[in-house]
Amino acid sequence: MKLHHIVIVGGGAGGLVLATKLGHKLGKSRKARITLIDAELTHIWKPLLHEVAVGTLDSHKDDVVYLSHAIYHGFEFQRGRMDGLDRGRREVSLSPFRDEQGREIIPSRTVSYDTLVIAVGGVCNDFGTPGVREHCLFLDTHPEASEVQRLLLNCCLRAQTREGALEEGQLNVAIVGAGATGVELASELHIATRRMVAYGFDRINPEMDVKIHLVEAAPRVLSMLPENLSEATEKELRRLGVNLHLGEQVTLASDKGIATKSGLFIPAEIRIWAAGVKAPDFLRDMDGLETNRLNQLVVDQTMQVTRDEHIFALGDCAACPRPGSERPVPPRAQAAYQQAYALADSLIRRLNGKPAKPFVYKDYGSLISLSDRSVGNIAVVVLGSITVRGMLAKLVYMSLYKKHQLALHGPIWVALASLINLIRLRTEPRLKLH
Ligand SMILES: Cc1cc2nc3c(=O)[nH]c(=O)nc-3n(C[C@H](O)[C@H](O)[C@H](O)COP(=O)(O)OP(=O)(O)OC[C@H]3O[C@@H](n4cnc5c(N)ncnc54)[C@H](O)[C@@H]3O)c2cc1C
């Protein structure tokens, strides 16, 4: 008998949790066939990417390898980048995969589905600003974060072995966008540059030579969050020595630095764009599906797209209504995680001929980690009026990631992996140096 085929495109914070849940509930008992498609071979939880970018996290220790995870959890995996859809034939098309030399490894192909879930996440929005695509780095994907880490290390190696004085902007980093990603990246960079010196980069004085600039068009950092949080965060960033440029709209990026509308020019060897979120461009007008101005697929409260009963979307690439709010469910890891759980239930209900349940997002607060581990302090601001610090704050922040790992691997794996990580902390360098 031909099994109902559920295809999930995108194995991120939402898609991988969904595939794992459905694999357990349907795939293993052969009640349905589950296939996950992702453009990469490994998964890393995206909120860790700023740590990968500065080298405070060696990503290979936290990667999930799709091929082996799929075998253990009752689903199939295919590597591929979705580039189109044929709703009439119920087929997803995947572009050819090429290696670094441009050789075609996997040709373009199609995968047919009975039910399709699109969970391809979001990307930064450069708002068409000239020079950004060519001269800025991004943190949307694992390879992009690794590229930032490689460039940072090379900059420091060049500065360490220089003959004369530092050139203008040589060890400057300009980060555009003071949302959660930009803010956390700035504070993580502060730690990384101090750790560098401890590993022998003694010709670099982090206080004098390294300048971290955070540029934001809004008048305050974390402009989507309440003002008291912005104030607390700004104070903490200034204490770390981060240069804040608020109310500055970037008009141009070049290989020398960043220019703003007010005439300011920030010389910077490394320029990172961390502003705005939109869904990938290929979703716009994809075989007649409805999208909004951010390319997000418009879905109803059951996460079904408005124009096709066989297609669902979740996470950053979906605009899911939120009762009582004009704005849709926000693009956050906790939202993608909650949606994955709810959609797993709904898809199982549908297979049993029952209607899907509407999804209601529960906001458990926003966590911003401003770590200054060089002095053993971590400050985490929790949405609301509560500010938590110290060990408790660190535990609250880590619990978010642990929840994601629990959904993927279960409690025994998480307990053992946490123990191994504790041992590694004592035996391995605290900064990726290769
Ligand atoms: C640096 C950074 C820090 C963040 N920090 C936080 C935080 O502290 N708290 C928080 O709540 N949120 C945070 N976020 C946002 C959070 O990571 C996202 O909201 C969340 O990951 C969205 O989950 P998702 O499943 O929709 O997509 P993602 O987790 O982005 O996964 C998308 C997946 O789709 C794959 N893919 C993309 N395009 C294609 C294609 N065409 N074909 C096939 N596969 C494709 C990708 O490889 C990826 O595996 C952060 C994001 C970034 C970038």
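Here the sequence shown is numbered in my numbering, starting from 1 and rising by one per residue.
Using N, Cα and C, we set each Cβ at its ideal position, and we do this for glycine too.
Just so it is clear, the structure is predicted and the values come from calculations on it, not from any experiment.
6 Å Cβ shell around residue i - same chain, five flanking residues per side excluded
| i | result |
| --- | --- |
| residue 176 | 215, 250, 273 and 275 |
| residue 419 | none |
| residue 138 | 124, 144 and 273 |
| residue 242 | 186, 212 and 214 |
| residue 376 | Because the pLDDT at residue 376 is just 39, under 50, the model does not fix this residue reliably, and the value given afterwards should be weighed accordingly. Once the five neighbours on either side are set aside, residue 376 has no close Cβ partner at all. |
| residue 299 | 305, 313, 318 and 320 |
| residue 110 | 91 and 93 |
Through-space distance from residue j to residue i, alpha-carbon basis
| i | j | result |
| --- | --- | --- |
| residue 444 | residue 239 | Because the chain spans 1 through 434 in this model, residue 444 falls outside it and cannot be assessed. |
| residue 45 | residue 18 | 14 Å |
| residue 217 | residue 262 | 11 Å |
| residue 32 | residue 362 | 30 Å |
| residue 98 | residue 79 | 12 Å |
| residue 211 | residue 327 | 37 Å |
| residue 140 | residue 108 | 24 Å |
| residue 368 | residue 406 | 22 Å |
| residue 347 | residue 269 | 49 Å |
| residue 13 | residue 401 | 10 Å |
| residue 336 | residue 21 | 14 Å |
| residue 74 | residue 228 | 46 Å |
| residue 167 | residue 208 | 13 Å |
| residue 423 | residue 416 | 11 Å |
| residue 126 | residue 133 | 8 Å |
| residue 255 | residue 115 | 46 Å |
| residue 202 | residue 171 | 14 Å |
| residue 223 | residue 178 | 8 Å |
| residue 128 | residue 293 | 14 Å |
| residue 374 | residue 427 | Low per-residue confidence applies at residue 374: pLDDT is 37, beneath 50, and the placement is therefore not dependable, though the value from the model is reported in the following sentence. So the alpha carbons of these two residues sit roughly 18 Å apart. |
| residue 398 | residue 117 | 29 Å |
| residue 334 | residue 317 | 14 Å |
| residue 23 | residue 34 | 6 Å |
| residue 230 | residue 264 | 23 Å |
Closest by C-alpha distance to residue i, when choosing among the options
| i | options | result |
| --- | --- | --- |
| residue 94 | 15, 211, 147 and 37 | 37 |
| residue 278 | 186, 408 and 297 | 297 |
| residue 352 | 10, 1, 26 and 8 | 26 |
| residue 425 | 58, 22, 409 and 314 | 58 |
| residue 458 | 115, 122 and 88 | The shown model of the chain, from 1 to 434, leaves out residue 458, and the question about it has no answer. |
| residue 343 | 2, 16, 103 and 53 | 16 |
| residue 43 | 120, 83, 208 and 230 | 120 |
| residue 500 | 130, 247 and 204 | Here the chain comprises residues numbered 1 to 434, so residue 500 is not present and cannot be evaluated. |
| residue 396 | 364, 84 and 198 | 364 |
| residue 64 | 412, 427, 404 and 411 | 404 |
| residue 131 | 224, 203 and 253 | 253 |
| residue 69 | 101, 408, 311 and 5 | 408 |
| residue 319 | 198, 295 and 136 | 295 |
| residue 225 | 199, 180, 259 and 244 | 180 |
| residue 280 | 90, 82 and 113 | 82 |
| residue 301 | 53, 313 and 414 | 313 |
| residue 135 | 60, 399 and 259 | 259 |
| residue 76 | 8, 333, 163 and 147 | 8 |
| residue 61 | 72, 71 and 48 | 48 |
| residue 29 | 3, 271, 52 and 50 | 3 |
| residue 39 | 142, 162 and 164 | 142 |
| residue 271 | 332, 147, 291 and 288 | 147 |
| residue 91 | 174, 410, 71 and 5 | 5 |
| residue 410 | 72, 102, 421 and 101 | 72 |
| residue 89 | 113, 309, 103 and 101 | 113 |
Cβ distance (whole Å) where residue i is taken to contact residue j below 8 Å
| i | j | result |
| --- | --- | --- |
| residue 66 | residue 10 | Incorrect: roughly 11 Å between the Cβ atoms, too far for contact. |
| residue 358 | residue 349 | Wrong, their Cβ atoms sit about 12 Å apart, outside the cutoff. |
Residues of its chain near residue i, where Cβ-Cβ distance is below 7 Å and the 5 sequence neighbours each way are ignored
| i | result |
| --- | --- |
| residue 105 | 97, 98 and 99 |
| residue 322 | 328, 329 and 361 |
| residue 338 | 361 and 362 |
| residue 197 | 204 and 206 |
8 Å Cβ shell around residue i - same chain, five flanking residues per side excluded
| i | result |
| --- | --- |
| residue 267 | 168, 169, 172, 256 and 257 |
| residue 41 | 65, 66, 67 and 79 |
| residue 290 | 297, 298, 305, 306 and 307 |
Distance cut-off 8 Å: residue i Cβ against heavy atoms of ligand 3
| i | result |
| --- | --- |
| residue 181 | You won't find ligand 3 in this model; what it holds is ligand 1. |
Would you be able to state if there are at least three C-beta pairs under 8 Å between the region 191–198 and the region 295–305?
no
Quiz item: Taking one C-beta from the region 282–289 and one from the region 153–164 each time, how about it: are there three or more such pairs within less than 8 Å?
Solution: no
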